[in-house]
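In what follows, a structure is listed as structure tokens, so that the remarks can point back to it.
Residue numbers (my numbering): 598 to 748.
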């Protein structure tokens with residue numbers, strides 16, 4: 598059961614990670630440079646059994662110029678097909694938007710992002726339905742540039 602919820606939480610976090618392909622994220626282009634990024638994700642899932650409520654994960658992802666151009670910055674090829682972005686607001690290096698997903702991954706995520714010289718910070722408040730059970734969670738993602746991609 599723990600792995601099922603953790604997998605859903607991680608999938609949800611990456612579903613809400615920005616894709617820079619044509620569309621609502623066009624304003625994000627130029628906010629990142631190519632190279633290796635380390636992403637630290639802190640998740641909180643209130644109401645879960647002990648040991649499942651708070652978790653942290655760190656991973657690395659190589660972002661190439663082609664990824665930036667093709668919209669694969671968050672490690673995903675594209676936004677899930679049943680999701681759409683609403684209420685996008687961009688001002689300087691900050692952005693906020695709502696992602697709404699229907700179908701198999703029924704969820705709503707309120708996302709706030711700040712781009713920095715070394716990466717980005719993202720705060721997400723997520724409400725989803727997992728197997729008929731409502732689930733609320735929050736993610737804080739800190740992504741920082743750590744150097745060129747390793748070949």
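Glycine included, C-beta positions come from ideal geometry on N, C-alpha and C.
| task | Tell me where the beta strand (DSSP E) around residue 715 begins and ends. | result | Numbered from its first residue, the chain shown carries residue 715 at position 118. Per DSSP, residue 715 belongs to no beta strand (DSSP E) and is neither H nor E.
| field | Straight-line Cα distance separating residue 748 from residue 705 | value | Position 108 of the chain shown holds residue 705. Position 151 of the chain shown holds residue 748. Rounded to the nearest angstrom, the two C-alpha atoms are 37 Å apart.
| request: Throw me the rounded Cβ distance for the residue 690 and residue 712 pair, which I believe falls under 8 Å. | output: Walking along the chain shown from the start, residue 690 turns up at place 93. Walking along the chain shown from the start, residue 712 turns up at place 115. Going by Cβ atoms, the distance from residue 690 to residue 712 rounds to 4 Å, so yes, they are a contact pair.
| said: Let's see if you can read the secondary structure: which residues bound the beta strand (DSSP E) around residue 752? | reply: In the structure as shown, the chain begins at 598 and stops at 748. Residue 752 is therefore absent and cannot be evaluated.
| Among 643, 644, 637 and 652, which one has its Cα closest to the Cα of residue 658? | Translated into positions along the chain shown, residue 658 becomes position 61. Out of 643, 644, 637 and 652, 637 has the C-alpha closest to the C-alpha of residue 658.
| said: Suppose contacts are defined by Cβ-Cβ distances below 7 Å. Is residue 634 in contact with residue 735 by that definition? | reply: Sequence index remark: in the chain shown, residue 634 carries index 37 (1-based). Sequence index remark: in the chain shown, residue 735 carries index 138 (1-based). For residue 634 and residue 735, no; Cβs fall outside 7 Å.
| Distance CB(residue 681)-CB(residue 697) smaller than 7 Å | If you number the chain shown from 1, residue 681 lands on position 84. If you number the chain shown from 1, residue 697 lands on position 100. A Cβ-Cβ contact shorter than 7 Å links residue 681 with residue 697.
| message | Classify residue 724: buried if its beta carbon has 16 or more other beta carbons within 10 angstroms, exposed otherwise. | response | Counted from its first residue, the chain shown places residue 724 at position 127. Answer is exposed; the Cβ neighbour count stays below 16.
| query | How close, in whole Å, do the beta carbons of residue 679 and residue 700 come, if the pair is a contact with beta carbons under 8 Å? | reply | On the chain shown, residue 679 is found 82 positions in, with the first residue counted as 1. On the chain shown, residue 700 is found 103 positions in, with the first residue counted as 1. At roughly 4 Å, the Cβ-Cβ gap stays under 8 Å, so residue 679 and residue 700 are in contact.
| query | According to the neighbour-count rule (16 or more other Cβ atoms, all chains shown, within 10 Å of its Cβ), is residue 604 buried or exposed? | reply | In the chain shown, the residue the question calls residue 604 occupies position 7. Summary for residue 604: the model assigns pLDDT 48, below 50, so the residue's position carries little reliability, and this model does not support an answer.
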